[in-house]
Amino acid sequence: MSHEELLKGLRKTVEQVLKAPYYKKKLAQVDIHYPHDIKKLDDFWKIPLTEKEDLRQNYPFGLFAEPMEKIVRVHASSGTTGKPTVVGYTRDDIKLWAKIVANGLRRIGVTSNDVVQVAYGYGLFTGGMGLHYGCEELGALAIPISGGNTQRQLMIMRDFGSTVLCCTPSYALYLAESLEEAGISRDELKLRVGVFGAEPWTDQMRDEIEARLGIRAVDIYGLSEIMGPGVSMECLKGEGLHIDEHFYPEILDKDGNPVPEGTDGELVLTSIDKKGFPVLRYRTKDLTSISYGQCVCGHHGWTMKRVSARVDDMLIIRGVNVFPSQVEEAILTVGGIEPHYLIIVDREGNLDSMEVLVELSADSFTDEIRQLEELQESLEEKIEDILGLTVKVRLVEPKSITRSEGKAKRVIDKRQEKL
Ligand code: DLL
5 MSHEELLKGL RKTVEQVLKA PYYKKKLAQV DIHYPHDIKK LDDFWKIPLT EKEDLRQNYP
65 FGLFAEPMEK IVRVHASSGT TGKPTVVGYT RDDIKLWAKI VANGLRRIGV TSNDVVQVAY
125 GYGLFTGGMG LHYGCEELGA LAIPISGGNT QRQLMIMRDF GSTVLCCTPS YALYLAESLE
185 EAGISRDELK LRVGVFGAEP WTDQMRDEIE ARLGIRAVDI YGLSEIMGPG VSMECLKGEG
245 LHIDEHFYPE ILDKDGNPVP EGTDGELVLT SIDKKGFPVL RYRTKDLTSI SYGQCVCGHH
305 GWTMKRVSAR VDDMLIIRGV NVFPSQVEEA ILTVGGIEPH YLIIVDREGN LDSMEVLVEL
365 SADSFTDEIR QLEELQESLE EKIEDILGLT VKVRLVEPKS ITRSEGKAKR VIDKRQEKL
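Going by the working numbering, the sequence shown opens with residue 5, and the numbers climb by one from there.
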């Protein structure tokens with residue numbers, strides 16, 4: 005997209021958000037009253053960032069930019085505390101979203117001959133319906149099975165000949181494990197590729213999933229506030245997740261200043277061409293970096309690195325910043341354990357403690373105390389090497405950590421209960 009086209013798109017979004025009184029007031033503070041007040045990118049960058057709190061204050065429908073009779077669907081964020089943030093879509097928005105998801109799927113070779121098992125939740129969460137409409141737009145067969153009911157997932161996967169699996173990476177692992185338990189072999193399945201996202205996952209986790217399911221696993225990113233899944237997605241040829249041209253990305257440091265291309269920071273997104281719920285400079289709280297260029301797959305534009313964590317996932321333990329993904333990276337390089345873990349953070353007196361529960365694999369589950377101690381020590385060393393922090397590892401029995409059917413919960417922070 006040329007510079008002029010980008011400015012044109014941004015002006016369109018400004019024009020649309022000005023229909024919502026809240027934005028009108030906010031933009032007036034920086035002297036933006038009309039779309040043509042955006043003459044250059046510098047004018048756009050003056051616009052105050054939009055935060056989740058802005059959405060909360062306008063709960064439920066206050067930031068919709070079209071009259072309710074034009075809104076044909078709502079979705080909501082998957083936050084577990086407080087009121088959800090609600091987003092609205094016009095008929096055109098739904099069509100655009102379907103096109104964006106279809107493009108992403110097409111890039112990984114999905115065609116009208118594919119059978120796509122959509123095991124993301126259907127409902128207010130955008131995962132299920134987002135992928136579903138993308139498949140239909142492409143002409144692929146969508147199986148709207150939603151998340152959970154694992155035994156049924158396996159039966160349908162085999163009997164319907166699913167070629168593509170869409171779910172969270174943690175659920176993909178659970179499905180892999182359940183297939184092994186049910187004695188269903190890879191040869192009985194037609195599965196070829198997985199489209200996994202909605203939560204952070206590491207490259208180590210990708211290797212594990214690819215090996216156990218015998219498929220290619222690609223990362224899909226998105227958030228309800230911006231649209232849903234499909235904001236960006238990996239291809240099979242290049243590196244990183246290609247950002248669709250209907251989203252304008254910026255990366256800011258913790259003080260809100262832009263960082264150079266390729267530098268990590270918080271992703272801020274602006275929607276282009278969205279009508280019902282247009283968003284200007286939305287702070288995603290997701291940590292990544294972006295670069296501009298051409299990929300061998302044909303995509304030309306912005307590409308982002310996989311999201312390793314959210315700003316608010318960061319644990320500060322004895323002054324050290326820790327992300328759950330770092331723990332995942334460490335434990336998945338050690339053999340004899342399953343990729344299921346839970347981090348428990350606590351405070352004893354004034355001192356923070358971190359314990360990592362790691363599940364033994366059935367093969368390494370033994371009464372040999374010495375062997376278990378060695379495994380535990382090597383895990384502690386690996387984690388300490390990466391974090392620079394002493395941690396305690398507790399090896400637990402196979403299958404004792406709760407499996408996730410949607411977004412996995414990796415951390416229990418008991419310090420919050422003590423505040
Ligand atoms: O999780 C949309 C989605 C559905 C994306 C299905 C991909 C697949 P929300 O429930 O609004 O929407 O949660 C959005 O989830 O800000 C990230 O923190 C996280 N997230 C989503 N995709 C990824 C990913 C959906 N691929 C929040 N990697 C976002 C890491 C992700 N984090």
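Note that CB positions come from ideal geometry on N, CA and C, so glycine has one too.
Coarse secondary structure for residue i, derived from DSSP in three states
{"i": "LYS289", "result": "strand"}
{"i": "GLU363", "result": "strand"}
{"i": "MET237", "result": "strand"}
{"i": "SER312", "result": "coil"}
{"i": "LYS12", "result": "helix"}
{"i": "GLU378", "result": "helix"}
{"i": "ILE387", "result": "helix"}
{"i": "LEU67", "result": "coil"}
{"i": "ASN107", "result": "helix"}
{"i": "THR154", "result": "helix"}
{"i": "VAL324", "result": "strand"}
{"i": "LEU245", "result": "strand"}
{"i": "HIS136", "result": "helix"}
Closer than 7 Å: residue i CB and nearest the ligand MN heavy atom
{"i": "THR288", "result": "The ligand MN is not part of this structure, which contains only the ligand DLL."}
Counterpart residues of residue i in DSSP-defined beta bridges
{"i": "ARG351", "result": "ASP356"}
{"i": "HIS304", "result": "GLN298"}
{"i": "GLU270", "result": "LEU256 and LEU291"}
{"i": "CYS171", "result": "PHE200"}
{"i": "ALA424", "result": "With the chain covering 5 to 423 only, the question about residue 424 has no answer from this structure."}
{"i": "GLN121", "result": "ILE147 and LEU169"}
{"i": "LYS396", "result": "GLU359"}
{"i": "ARG216", "result": "For ARG216, which the question treats as bridged, DSSP gives no partner whatsoever."}
{"i": "VAL415", "result": "ILE347"}
{"i": "ASP223", "result": "PHE200"}
{"i": "PRO443", "result": "Because the chain is modelled from 5 through 423, residue 443 falls outside the range shown and cannot be assessed."}
{"i": "SER275", "result": "PHE251"}
{"i": "GLY232", "result": "LEU227"}
{"i": "THR54", "result": "TYR286"}
{"i": "LEU319", "result": "VAL326"}
{"i": "ILE341", "result": "LEU364"}
{"i": "ILE75", "result": "THR94"}
Reference residue i, options the options, closest by Cα
{"i": "MET308", "options": "LYS422, VAL283 and ASP268", "result": "ASP268"}
{"i": "GLN20", "options": "ALA32, ALA69, PRO343 and THR54", "result": "ALA69"}
{"i": "GLU243", "options": "THR288, LYS28, ASP277 and CYS299", "result": "CYS299"}
{"i": "ILE348", "options": "PRO173, LYS56, VAL395 and LYS44", "result": "VAL395"}
{"i": "TRP205", "options": "TYR345, HIS37 and ILE321", "result": "TYR345"}
{"i": "LYS422", "options": "ASP356, VAL362, SER404 and PRO264", "result": "ASP356"}
{"i": "SER189", "options": "ILE104, ARG216 and ILE230", "result": "ARG216"}
{"i": "LEU128", "options": "VAL400, VAL397, PRO88 and LEU67", "result": "PRO88"}
{"i": "GLU55", "options": "VAL400, LEU284, GLU381 and ARG15", "result": "LEU284"}
{"i": "GLU8", "options": "LEU245, GLY113, LYS43 and GLU184", "result": "LYS43"}
{"i": "GLN61", "options": "TYR26, PRO71 and LYS74", "result": "TYR26"}
{"i": "GLU265", "options": "THR274, ALA221 and THR292", "result": "THR292"}
{"i": "GLN208", "options": "ALA32, MET358 and VAL338", "result": "VAL338"}
{"i": "ARG322", "options": "ARG310, LEU336 and GLY353", "result": "GLY353"}
{"i": "PHE200", "options": "ARG220, ASP417, GLN380 and ASP191", "result": "ARG220"}
{"i": "TRP49", "options": "ASP58, ASP35, GLU57 and ASP367", "result": "ASP35"}
{"i": "LYS411", "options": "ALA24, GLY132, TYR38 and VAL90", "result": "GLY132"}
{"i": "TYR178", "options": "ALA123, GLU229, GLY138 and TYR137", "result": "ALA123"}
{"i": "ASP367", "options": "VAL360, LEU376, GLU359 and LEU361", "result": "LEU376"}
{"i": "GLU140", "options": "THR406, CYS171 and ILE104", "result": "ILE104"}
{"i": "ASP259", "options": "ARG374, ARG287 and ILE160", "result": "ARG287"}
Chain-order list of residues whose beta-carbon lies under 6 Å from that of residue i (same chain, five-residue window excluded)
{"i": "PHE369", "result": "PRO402"}
{"i": "THR167", "result": "ASP118, VAL119, LYS194 and ARG196"}
{"i": "ALA186", "result": "LEU158"}
{"i": "TRP306", "result": "ILE247, PRO253, ILE294 and TYR296"}
{"i": "LYS289", "result": "ARG314, VAL315 and ASP316"}
{"i": "ASN325", "result": "MET318"}
{"i": "GLU332", "result": "THR206"}
{"i": "VAL263", "result": "ILE255, ASP257 and GLY269"}
{"i": "ARG210", "result": "ALA221"}
{"i": "GLN380", "result": "VAL397 and LEU399"}
Same chain, Cβ closer than 7 Å to residue i, neighbours up to 5 away in sequence not counted
{"i": "LYS30", "result": "PRO52"}
{"i": "GLY232", "result": "HIS79, TRP101, THR130, GLY134 and GLY226"}
{"i": "ASP96", "result": "LYS279"}
{"i": "SER365", "result": "GLY340, ILE341, GLU342 and PRO402"}
{"i": "ALA334", "result": "LYS386, ILE387 and ILE390"}
{"i": "GLN330", "result": "ILE390 and LEU391"}
Same chain only: Cβ atoms within 8 Å of residue i, ignoring 5 sequence neighbours per side
{"i": "GLU249", "result": "MET5, ILE276 and GLY305"}
{"i": "MET241", "result": "A small fix is needed here, since residue 241 is Lys in this sequence, not Met. Counting only Cβ-Cβ distances below 8 Å, and skipping sequence neighbours, we find CYS299, VAL300 and CYS301."}
{"i": "PRO328", "result": "PRO204, ALA313, ASP317, LEU319, ILE347, ARG414 and VAL415"}
{"i": "ALA144", "result": "LEU109, VAL114, THR115, SER116, ASN117, ASP118, VAL119, VAL120 and VAL168"}
{"i": "ALA176", "result": "LEU169, GLY198, PHE200, ILE213, LEU217 and ALA221"}
{"i": "SER408", "result": "THR172, SER174, TYR175 and TYR178"}
is_contact[residue i, chain B] using C-beta, thresh 8 Å
{"i": "ALA146", "result": "Chain labels in this structure do not include chain B; a single protein chain is all it has."}
Checklist entry - Are three or more beta carbon pairs between the stretch 141 to 158 and the stretch 253 to 262 nearer than 8 Å? => result no
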